Amino acid sequence: MSFYDEISKLDVDKFRDLVDSRTDADVERALAKNGKKTVEDFAALISENARRHYLNVMTRMSEQITRRRFGHCVNMYLPLYLTNLCNNKCAYCGFSALNKFKRVVLTIDEIRDECEAIAKMGYQNILLVSGENDRRGGMDYFRQVLPVVKDYAAYLQMEVQPLFEEDYAELKTLGLDAVSVYQETYHPGFYKKVHLGGKKADMRWRMETPDRLGRAGIDKVGVGALLGLYDWRVDLCAVALHLLYMREHYWKTALSVSFPRMRPAAGGFQPTSPVSDAKLVQFICAFRIFDNELDLAISTRESAEFRDLIIPLGITAVSAGSSTEPGGYAHKGKALEQWTVNDSRSVGEVVSALESSGFDAVFHNASTTYFKASGAV
Ligand code: SF4
Numbered sequence: 222m223s224f225y226d227e228i229s230k231l232d233v234d235k236f237r238d239l240v241d242s243r244t245d246a247d248v249e250r251a252l253a254k255n256g257k258k259t260v261e262d263f264a265a266l267i268s269e270n271a272r273r274h275y276l277n278v279m280t281r282m283s284e285q286i287t288r289r290r291f292g293h294c295v296n297m298y299l300p301l302y303l304t305n306l307c308n309n310k311c312a313y314c315g316f317s318a319l320n321k322f323k324r325v326v327l328t329i330d331e332i333r334d335e336c337e338a339i340a341k342m343g344y345q346n347i348l349l350v351s352g353e354n355d356r357r358g359g360m361d362y363f364r365q366v367l368p369v370v371k372d373y374a375a376y377l378q379m380e381v382q383p384l385f386e387e388d389y390a391e392l393k394t395l396g397l398d399a400v401s402v403y404q405e406t407y408h409p410g411f412y413k414k415v416h417l418g419g420k421k422a423d424m425r426w427r428m429e430t431p432d433r434l435g436r437a438g439i440d441k442v443g444v445g446a447l448l449g450l451y452d453w454r455v456d457l458c459a460v461a462l463h464l465l466y467m468r469e470h471y472w473k474t475a476l477s478v479s480f481p482r483m484r485p486a487a488g489g490f491q492p493t494s495p496v497s498d499a500k501l502v503q504f505i506c507a508f509r510i511f512d513n514e515l516d517l518a519i520s521t522r523e524s525a526e527f528r529d530l531i532i533p534l535g536i537t538a539v540s541a542g543s544s545t546e547p548g549g550y551a552h553k554g555k556a557l558e559q560w561t562v563n564d565s566r567s568v569g570e571v572v573s574a575l576e577s578s579g580f581d582a583v584f585h586n587a588s589t590t591y592f593k594a595s596g597a598v
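Residue numbers (this note's numbering): 222 to 598.
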């Protein structure tokens, strides 16, 4: 029985009513509850009533929980885009096979160049990202790529196509620490509508990936939805349910959640359910209060001002100086980027902003002191 089997028994659209029907008393009950919370509690925390009457309480509580659990450290990670080649036809993504542009698959030498450039920026926490192409960017490719990247990465994450359980187990032996696989939307009808072709159109295959990762013993698994794609009330409650399921079935696996809001991309797809800044603040706090142990990440999709505001509230991992273009660190401007970066500050500028708010930017086993000594600031 997988998570897909469990959620398939539900009408996920009912999450909308669940969120809308939460009262002030429900919010207060969720905030006062110690220990494990339910999806009903989570629904209360993301409700309109919570936003209108309890947002200050939520931000204070989220900040306190985060400092107690994670101190004043923020982990710095950097995405390394391996390829923009993709067989899938996701209506909302610039890399979709529907869009005509030059496709690039980085060679091993180009990956080494990227890693050198990334190392100069001070990073040891690298997130490998790719489109989905099993023939040119599948396991045979990853078997060559990981040993090279591992020479530079103390912590190695992937955000690539869903793989088989035995593939994940093999990649773990090559140094893989964490994998994120975002469901985009948990609504079956809408999922079908925006995934127009390719393997990603198989919702079960994608949604069962965290199960396969848990069974393969990958240390950390990231889940989430693409905010703005479908109704956030439905998708966020489904993410909360997914987290509860993962905690129950794979208790050794650490979990993370990201908050990707839709950004302009080639193809011109517009968000159907935009998420305002106030809502995103509320959602970050809601996840922190819902599950105190979660790693919460925010990327450069968000603006500098907004990131500076929300990082203290509950975020534990950020990227900075990112490129979403394959080869974009060593040879910028040769390929299409997946989405437009919104916070274009340098790593040094982000680190300075973190430090001025009293945080240590952690480059995995490398302190800020090392980072400064590298001359990258
Ligand atoms: S979202 Fe991912 S799978 Fe879909 S087209 Fe973009 S790169 Fe490919």
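For each residue, glycine too, the CB sits at the ideal point set by N, CA and C.
From a predicted model like this one, the values you see are computed outputs, not experimental measurements.
Strand pairing of Lys-441, partner residues [DSSP]: Ala-399, Ala-475
At least 3 beta-carbon pairs within less than 8 Å: the stretch 505-514 vs the stretch 538-547: no
Closest by C-alpha distance to Arg-482, when choosing among Thr-474, Phe-527, Leu-462: Phe-527
Enclosing beta strand (DSSP E) for Gln-382 [first to last residue]: Segment: none, Gln-382 is in no beta strand (DSSP E) and carries neither H nor E.
Member of Leu-450, Asn-255, Phe-411, Tyr-403 whose CA lies at the smallest distance from the CA of Val-460: Tyr-403
Contact test: Ser-544 Cβ vs the ligand SF4 heavy atom, cutoff 6 Å: no
Nearest candidate by alpha-carbon position, reference Cys-458, set Asp-388, Thr-406, Gly-410: Thr-406
Among Thr-521, Pro-492, Ala-525, Val-478, nearest to Val-507 - alpha-carbon criterion: According to the sequence displayed, residue 507 carries Ala and not Val. Closest by alpha carbon: Val-478.
Arg-416 - partner residues in DSSP beta bridges: Residue identity differs from the one stated: residue 416 is His in this sequence, not Arg. DSSP output for His-416 lists Cys-311 as bridge partner(s).
Cα-Cα separation between Ile-228 and Leu-239, rounded to whole angstroms: 16 Å
Contact set for Val-562: own chain, Cβ-Cβ below 7 Å, skip 5 residues either direction: Thr-521, Ser-543, Thr-545
Thr-589, buried or exposed, once every other Cβ within 10 Å from all chains shown has been counted against 16: With a pLDDT of only 37 at Thr-589, under 50, the local geometry of the prediction cannot be trusted, and no value is derived from it.
Neighbour-count burial assignment, Asp-208, 16 or more Cβ in a 10 Å radius: Outside the modelled stretch of the chain, which goes from 222 to 598, sits residue 208, for which no answer is possible.
Residue list, Cβ distance to the ligand SF4 heavy atoms smaller than 6 Å: Cys-307, Asn-309, Cys-311, Cys-314, Phe-316, Ser-317, Gly-352, Glu-353, Lys-421
Neighbour-count burial assignment, Asp-456, 16 or more Cβ in a 10 Å radius: buried
From Met-222, Glu-269, Leu-231, residue whose alpha carbon lies closest to that of Asp-245: Glu-269
C-beta contact flag for Val-496 and Leu-448 at 7 Å: yes
Lys-441 and Ala-375 closer than 7 Å at C-beta: no
Contact belief for Lys-223 with Asp-432 at Cβ below 8 Å, rounded distance in angstroms: The question names Lys, but residue 223 in the sequence shown is Ser. That pair is a contact at about 5 Å.
Ser-283 - containing alpha helix (DSSP H), residue span: 276-291
Paired residues, beta bridge with Ile-519 - DSSP: Val-539
Residues near His-274 in its chain [Cβ-Cβ closer than 8 Å; skip 5 each side]: Asp-245, Val-248
Close-in-space but distant-in-sequence residues of the same chain around Leu-301 (CB under 6 Å, 5 per side omitted): Glu-335, Ile-347, Leu-349
Cβ-based burial, Trp-453 [other Cβ within 10 Å; buried from 16]: buried
Leu-447: CB within 6 Å of a non-hydrogen atom of the ligand HEM: With respect to small molecules bound, the structure shown includes the ligand SF4 and not the ligand HEM.
Start and end residues, beta strand (DSSP E) containing Asp-581: 581-583
Gly-396 versus Cys-307 - alpha carbon distance: 25 Å
DSSP state of Asn-586 mapped onto helix, strand, coil: Any reading at Asn-586 needs caution, since the residue's pLDDT is 48, under 50, leaving its predicted position unreliable; the model's value is listed next. Here Asn-586 sits in coil by DSSP.
Sheet register partners of Asn-255 (DSSP bridge): For Asn-255, which the question treats as bridged, DSSP gives no partner whatsoever.
Boundaries (first-last residue) of the alpha helix (DSSP H) holding Val-260: 260-266
Residue closest to Glu-337, alpha-carbon to alpha-carbon, out of Gly-548, Ser-565, Glu-576: Gly-548
Beta-carbon proximity of Tyr-225 to Glu-429, cut-off 7 Å: yes
Among Ile-286, Glu-576, Thr-474, Arg-436, the one whose alpha carbon lies nearest that of Ile-505: Ile-286
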